[in-house]
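K.L.:
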Amino acid sequence: MAIKVIMDVDTGSDDAVAIMTAATSPDIDLVAICTVWGNKAVENTTDNTLRLIDALGLKAPVYKGCDTAMVKYLTNDFVPTPERKPVMYQGKPFQMHAEHLDLPEAKSKPEAIPAACFYVDYLRNTTEKVTLVPVGPLTNLGLALRIAPDIVDKIDQIVIMGGGSKMTNCNPWSESNIWHDPEAAQIVAECGAKVVWIPLDATHEACITMDDCKRFDEIGTFAANFSAEQCRQRIIVHNAQQPLPVPDAAAVHDALCIAYLIDPTVITDLRHCHVEIGLSGYGEGQTIVDQRAYPLKKNGYFAFHADRFKFVDILCDCFKRPVQGT
Ligand code: RIB
Ligand code: CA
1118 MAIKVIMDVD TGSDDAVAIM TAATSPDIDL VAICTVWGNK AVENTTDNTL RLIDALGLKA
1178 PVYKGCDTAM VKYLTNDFVP TPERKPVMYQ GKPFQMHAEH LDLPEAKSKP EAIPAACFYV
1238 DYLRNTTEKV TLVPVGPLTN LGLALRIAPD IVDKIDQIVI MGGGSKMTNC NPWSESNIWH
1298 DPEAAQIVAE CGAKVVWIPL DATHEACITM DDCKRFDEIG TFAANFSAEQ CRQRIIVHNA
1358 QQPLPVPDAA AVHDALCIAY LIDPTVITDL RHCHVEIGLS GYGEGQTIVD QRAYPLKKNG
1418 YFAFHADRFK FVDILCDCFK RPVQGT
């Protein structure tokens, strides 16, 4: 039976690939999508999500979420986000995530209630446990868990794209989803549900190459072609800013969370451990993974390695199928 999933996205090129994977997988029943700020302002991430579900013909409700962190920006006591120079490609600035996905304007609208309220209402009323897949800052879920900690009983597991042990991207110590809202991430880490971390250590290994993009193109569905486009865009930026050990390749982080739900063996090294979030100064937003022989009480599972060939096979297997929730 398909597992019930709620995604929480800041769409976003890799979020888009994740949504398309979930939408085409027969193993996933995508009950709703929450949006949050992160890669772009929440207006853009919501609009991008709506454009994408319309293009797919997917009938999942979209709940617009928070536009900033729970706590971090209330004071000036945080280390500023470092500026990155824009990548120039064919004479024009080129970004990892476009302001607007290159799709027709959305006809669908977001639902009336905010994402955090949706979590509380939905989870309190469901009789079946649900898997949550937050792949942006954790603000909506952190807020929902603060409003109604009892909702944890209805969560099967939380599969988070975020963090990094040896690998970081926002600054020398943090990954951007966790950096954006460390307090929310700490609330989720300690909420008591099963938490699985899919960090940069795993997503950088499960990279997608230009050759993989050709494989997607050959499938020829909208999900395959549009994913190929998003991945190529990411490869161009990775090559310029953050080249990977595999040539002409990009991490497509968020989609690895969905692939993990479809086939957990795509993660080849998942360790039960204690994960703590750095909350101030240098170290803010860091995922501190306790790997000592006598660790603090274990509160999650952290992925250290992934199988990139299996990852691409899972995506291809999904993209050749029709969209499920139409
Ligand atoms: O650090 C990678 C994560 O940050 C991904 O979820 C990407 O979409 C951005 O949100
Ligand atoms: Ca994301």
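The opening residue of the sequence shown carries number 1118 in our numbering; numbering runs sequentially from there.
Quick reminder that beta carbons are idealized off the backbone N, C-alpha and C, glycines included.
These numbers come from a predicted model, not from an experiment.
In or out: Gly-1129 buried (at least 16 other Cβ within 10 Å) or exposed?
P.N.:
For the purposes of this step, residue 1129 is taken as residue 12 along the sequence shown, with counting starting at 1. That one is buried.
K.L.:
Going by beta carbon distance, what residues of the same chain come within less than 7 Å of His-1297, once the five residues before and after it are set aside?
P.N.:
Reading the sequence shown from its first residue, position 180 is the one you call residue 1297. Here the set comprises Gly-1155, Ala-1186 and Pro-1254.
K.L.:
On a CA-only basis, which of Asp-1127, Thr-1382 and Tyr-1418 is nearest Val-1153? Give me that one, please.
P.N.:
In the sequence shown, counting from the first residue as 1, residue 1153 sits at position 36. Ranking Asp-1127, Thr-1382 and Tyr-1418 by Cα distance to Val-1153 puts Asp-1127 first.
K.L.:
Quick check on the DSSP output: what are the complete beta strand (DSSP E) runs of length 3 or more inside the segment 1167-1208, in order along the chain?
P.N.:
1204-1206
K.L.:
What are the start and end residues of the alpha helix (DSSP H) that includes Gly-1442?
P.N.:
On the sequence shown, position 325 is the one that residue 1442 refers to. Unbroken run through Gly-1442: none, as it is neither H nor E.
K.L.:
Taking the alpha carbon of Asn-1360 as the reference point, which residue from Asn-1286, Phe-1428, Pro-1210 and Val-1313 has its own alpha carbon closest?
P.N.:
For the purposes of this step, residue 1360 is identified with residue 243 of the sequence shown, where counting begins at 1. According to the sequence as given, residue 1360 is Pro; it is not Asn. Selected option, being the one with the closest Cα: Asn-1286.
K.L.:
Relative to ligand 1, is the shortest distance from any of its heavy atoms to the C-beta of His-1370 smaller than 7 Å?
P.N.:
Within the sequence shown, residue 1370 is the residue found at index 253, counting from 1. Correct: His-1370 has its Cβ closer than 7 Å to ligand 1.
K.L.:
State yes or no: is the beta carbon of Met-1284 nearer than 8 Å to at least one beta carbon in chain D?
P.N.:
No chain D is present in this structure, which holds just one protein chain.
K.L.:
Considering only DSSP beta bridges, list what Thr-1248 is partnered with.
P.N.:
On the sequence shown, residue 1248 is found 131 positions in, with the first residue counted as 1. Answer is Val-1122 and Gln-1274.
K.L.:
State buried or exposed for Gln-1441, treating a residue as buried only when at least 16 other CB atoms are found within 10 Å of its CB.
P.N.:
If you number the sequence shown from 1, residue 1441 lands on position 324. Counting Cβ neighbours within 10 Å, Gln-1441 comes out buried, since at least 16 surround it.
K.L.:
With a threshold of 7 Å, establish whether the CB of Asn-1161 neighbours any heavy atom of ligand 2.
P.N.:
Numbered from 1 along the sequence shown, position 44 holds the residue referred to as residue 1161. Shortest gap from the CB of Asn-1161 to any heavy atom of ligand 2: 7 Å or more.
K.L.:
Applying the 10 Å Cβ sphere with the 16-neighbour rule, what's the burial state of Glu-1335?
P.N.:
By 1-based counting over the sequence shown, the position of residue 1335 is 218. It counts as exposed.
K.L.:
Please state if the CB of Ile-1353 and the CB of Val-1196 are separated by a distance shorter than 8 Å.
P.N.:
Residue mapping note: residue 1196 aligns to position 79 of the sequence shown, counting from 1. Residue mapping note: residue 1353 aligns to position 236 of the sequence shown, counting from 1. No.
K.L.:
Which runs of the beta strand (DSSP E) at least 3 residues long sit entirely within the segment 1382-1429? Give them in chain order.
P.N.:
1384-1394, 1404-1407 and 1417-1423
K.L.:
If you run the structure through DSSP and keep just helix, strand and coil, what is Asn-1288?
P.N.:
The sequence position of residue 1288 within the sequence shown is 171, counting from 1. In the three-state reduction of the DSSP assignment, Asn-1288 falls in the strand class.
K.L.:
For the candidate residues Arg-1425, Thr-1163 and Tyr-1236, whose alpha-carbon lies nearest to that of Ala-1133?
P.N.:
Sequence index remark: in the sequence shown, residue 1133 carries index 16 (1-based). Ranking Arg-1425, Thr-1163 and Tyr-1236 by Cα distance to Ala-1133 puts Thr-1163 first.
K.L.:
Do the segment 1255-1271 and the segment 1229-1241 make contact, defined as three or more Cβ pairs closer than 8 Å?
P.N.:
Because the criterion of three Cβ pairs below 8 Å is met, the segment 1255-1271 and the segment 1229-1241 touch.
K.L.:
In the DSSP assignment, find the unbroken alpha helix (DSSP H) run with Ile-1295 in it and report its ends.
P.N.:
Here residue 1295 is taken as the residue at index 178 of the sequence shown, counted from 1. Ile-1295 -> alpha helix (DSSP H) spans 1293-1297.
K.L.:
CA-CA distance, His-1355 and Arg-1201?
P.N.:
Taking the sequence shown and counting its residues from 1, the one referred to as residue 1355 is at position 238. Taking the sequence shown and counting its residues from 1, the one referred to as residue 1201 is at position 84. About 13 Å.
K.L.:
For Ile-1277, which residues of its own chain have a beta-carbon under 6 Å away from its beta-carbon, when the five flanking residues on both sides are left out?
P.N.:
Locating residue 1277 in the sequence shown gives position 160, where the first residue counts as 1. Result list for Ile-1277: Pro-1251 and Trp-1314, in chain order.
K.L.:
Cutting at 8 Å between CB atoms, please list the residues of its own chain near Ile-1268, excluding the five before and the five after it.
P.N.:
Counting from one through the sequence shown, the residue named residue 1268 turns up at place 151. Closer than 8 Å at the Cβ level, and outside the excluded window around Ile-1268, lie Tyr-1236, Val-1237, Leu-1240, Arg-1241, Ala-1261 and Leu-1262.
K.L.:
Would you mind working out which of Asp-1146, Cys-1183, Cys-1390 and Ile-1379 sits nearest Leu-1175, comparing C-alpha positions?
P.N.:
Position 58 of the sequence shown, counted from the first residue, corresponds to residue 1175. Nearest of Asp-1146, Cys-1183, Cys-1390 and Ile-1379 to Leu-1175, Cα basis: Asp-1146.
K.L.:
Taking its Cβ as the centre, do 16 or more other Cβ atoms sit within 10 Å of Thr-1166, making it buried, or is it exposed?
P.N.:
Within the sequence shown, residue 1166 is the residue found at index 49, counting from 1. Looking at its Cβ environment, which holds 16 or more other Cβ atoms inside 10 Å, Thr-1166 is buried.
K.L.:
Span of the beta strand (DSSP E) holding Ile-1136?
P.N.:
Residue mapping note: residue 1136 aligns to position 19 of the sequence shown, counting from 1. First-last for Ile-1136: 1130-1141, but that is the alpha helix (DSSP H), not the beta strand (DSSP E).
K.L.:
Roughly how many whole angstroms lie between the Cα atoms of Leu-1191 and Thr-1248?
P.N.:
Locating residue 1191 in the sequence shown gives position 74, where the first residue counts as 1. Locating residue 1248 in the sequence shown gives position 131, where the first residue counts as 1. About 31 Å.
K.L.:
From the DSSP output, in three-state form, read off Val-1313 for me.
P.N.:
As a position in the sequence shown, residue 1313 is number 196, starting the count at 1. In the three-state scheme derived from DSSP, where H, G and I count as helix and E and B as strand, Val-1313 is classed as strand.
K.L.:
Would the segment 1321-1334 and the segment 1388-1397 be scored as touching if the rule is three or more Cβ pairs under 8 Å?
P.N.:
no
K.L.:
Should Val-1122 be counted as a contact of ligand 4 given a C-beta to heavy atom distance under 7 Å?
P.N.:
In the structure on display, ligand 4 does not appear, and the ligands it does have are ligand 1 and ligand 2.
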